[in-house]
Ligand SMILES: C[S@@+](CC[C@H](N)C(=O)[O-])C[C@H]1O[C@@H](n2cnc3c(N)ncnc32)[C@H](O)[C@@H]1O
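Residue numbers (the numbering used here): 6 to 370.
Written out as structure tokens, the structure reads:
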């Protein structure tokens with residue numbers, strides 16, 4: 006923590022088309038965390054067709070592959086804008102699932118992740134190892150095709166992808182303040198082991214949208230997914246952008262992770278939902294932070310029980326940690342979220358490792 010304490014963060018929503026992110030200056034963004042509408046998933050047909058009416062025609066004529074490629078063409082301008090606005094060394098994390106669908110007489114897989122990976126490769130991003138988001142289902146219809154008969158049944162589709170790209174060479178943390186900011190944003194050793202693994206077992210979120218008539222399903226990803234990525238690929242005080250904001254998950258994850266954020270969304274109807282969530286979300290966010298810290302305390306406790314030593318001490322919390330990299334780690338609790346403009350939130354944080362939260366059971370030493 007610097008001597009001034011934890012700086013407030015700001016979180017802005019822009020209603021509009023992410024094909025043009027003209028409000029965002031060149032090379033100003035540290036991280037993009039997002040999930041676009043998935044080509045060939047039925048819920049997005051209307052949206053894609055509104056942007057290019059030929060898509061409907063192609064689908065009606067059984068030309069699934071052509072429709073699929075045209076849908077991806079509509080996402081291309083957004084990827085270009087990401088390239089323009091991202092700082093050198095900045096990261097892009099894209100959650101995407103493939104689609105299976107019968108068009109005309111043909112059932113097949115539409116490999117969304119392959120197309121996006123190719124596009125970013127062509128845009129000269131460095132592709133990095135991806136995460137398989139494994140979300141098993143018990144649905145009886147998960148096995149597709151003709152059951153037990155060879156050459157006519159298909160394997161289940163129970164995963165999505167998180168594609169990860171970097172714009173150019175590794176980010177430098179050169180001066181003292183930048184280095185400290187990076188150390189303060191560290192993860193616990195035991196979190197590293199799960200978060201940086203290539204398979205995440207995370208439950209999906211409830212897709213029902215209670216407070217809006219925008220659409221039936223939210224298409225939201227889990228808070229945990231966005232929160233982990235933000236912690237893994239940016240530092241506190243950075244700017245995180247989500248060009249397909251939806252219900253605002255990335256924005257709330259950025260608030261909790263002490264990053265600034267900006268989200269772009271076509272649907273104005275999500276604003277009341279995001280604003281009402283902002284009013285009531287602080288206890289949930291602080292519980293989340295508290296759980297991270299308590300999980301670490303449990304990890305320390307287990308080491309003590311096994312007579313194992315953790316050699317370092319964190320200077321904010323006073324508890325033991327496994328590596329020197331965790332000694333400055335600090336996860337600020339949220340103090341206040343307030344609307345600082347029609348579509349802009351300001352978030353302030355507690356500067357101390359404890360706050361008046363009845364759930365917090367550890368003591369600062
Ligand atoms: C898969 S959802 C993202 C959901 C989000 N991650 C969440 O947790 O709620 C994709 C979102 O992108 C929006 N969208 C689609 N095309 C867009 C565009 N060209 N510009 C901005 N938003 C767009 C859709 O309205 C939808 O809310």
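Every residue, glycine too, gets a C-beta built ideally from N, C-alpha and C.
query, result
"How is residue 164 classed by DSSP in three states: helix, strand or coil?", "strand"
"Using only the alpha-carbon positions, how far apart do residue 369 and residue 103 sit?", "Note that residue 369 scores a pLDDT of 30, beneath 50, so its modelled location is shaky; the value from the coordinates is reported in the next line. Distance between the alpha carbons of residue 369 and residue 103 is about 47 Å."
"Would you say residue 41 touches ligand 1, meaning its beta carbon is less than 7 Å from a heavy atom?", "yes"
"When you measure from the CB of residue 102 to every non-hydrogen atom of ligand 1, does any distance come out below 7 Å?", "no"
"Is there at least one non-hydrogen atom of ligand 1 closer than 7 Å to the beta-carbon of residue 52?", "yes"
"I need the straight-line Cα distance from residue 71 to residue 50, nearest angstrom please.", "14 Å"
"Provide the residue span of the alpha helix (DSSP H) that contains residue 76, from first to last.", "69–90"
"Can the beta-carbon of residue 190 be found less than 8 Å from the beta-carbon of residue 241?", "yes"
"Distance check for residue 185 and residue 7, CA to CA, integer angstroms please.", "For residue 7, the pLDDT reaches just 48, beneath the cut-off of 50, and the residue's location in the model is therefore unreliable, although a value from the coordinates is still provided. So the alpha carbons of these two residues sit roughly 8 Å apart."
"Could you check which residue in 343, 327, 323 and 111 has the C-alpha nearest to that of residue 357?", "323"
"Can you name the start and end residues of the alpha helix (DSSP H) that residue 243 belongs to?", "No alpha helix (DSSP H) contains residue 243, which DSSP labels as neither H nor E."
"So, are the CB atoms of residue 28 and residue 81 less than 8 Å apart?", "no"
"Should residue 204 and residue 96 be called a contact, given that it needs their Cβ atoms to be closer than 8 Å?", "no"
"Give the range of the beta strand (DSSP E) segment to which residue 138 is assigned.", "131–139"
"Is residue 269 near ligand 1, with its Cβ less than 7 Å from a heavy atom?", "yes"
"Taking its Cβ as the centre, do 16 or more other Cβ atoms sit within 10 Å of residue 88, making it buried, or is it exposed?", "buried"
"Any chance the CB of residue 201 is under 7 Å from a heavy atom of ligand 1?", "no"
"How should residue 66 be labelled, buried or exposed, when 16 other C-beta atoms within 10 angstroms of its C-beta is the threshold for buried?", "exposed"
"If you run the structure through DSSP and keep just helix, strand and coil, what is residue 156?", "coil"
"When you measure from the CB of residue 22 to every non-hydrogen atom of ligand 1, does any distance come out below 7 Å?", "yes"
"Going residue by residue through the stretch 234–315, where are the continuous alpha helix (DSSP H) segments of at least 4 residues, counting only ones entirely within it?", "254–261, 276–285 and 287–310"
"How many angstroms separate the CA atom of residue 342 from the CA atom of residue 198?", "32 Å"
"Quick check on the DSSP output: the alpha helix (DSSP H) that includes residue 343 runs from which residue to which?", "Run containing residue 343: none in the alpha helix (DSSP H); it sits in the beta strand (DSSP E), 339–346."
"Return the bridge partner residues of residue 17 from the DSSP annotation.", "267 and 349"
"Return the chain-ordered list of same chain residues with a C-beta closer than 7 Å to the C-beta of residue 287, the five sequence neighbours on each side being excluded.", "339 and 342"
"Looking only at DSSP bridge pairs, what is residue 113 linked to?", "106"
"Please classify residue 196 as buried or exposed, where buried requires at least 16 other C-beta atoms within 10 Å of its C-beta.", "buried"
"Rounded to the nearest angstrom, what separates residue 145 and residue 316 at their Cα positions?", "50 Å"
"What separation, rounded to the nearest whole angstrom, lies between the Cα atoms of residue 3 and residue 187?", "Past the boundaries of the shown model lies residue 3; the chain is included only from 6 to 370, so the question cannot be answered."
"For residue 17, count neighbouring Cβ atoms within 10 angstroms of its own Cβ and tell me buried if that reaches 16, exposed if not.", "buried"
"For residue 204, write down the residues that DSSP places opposite it in a beta bridge.", "137"
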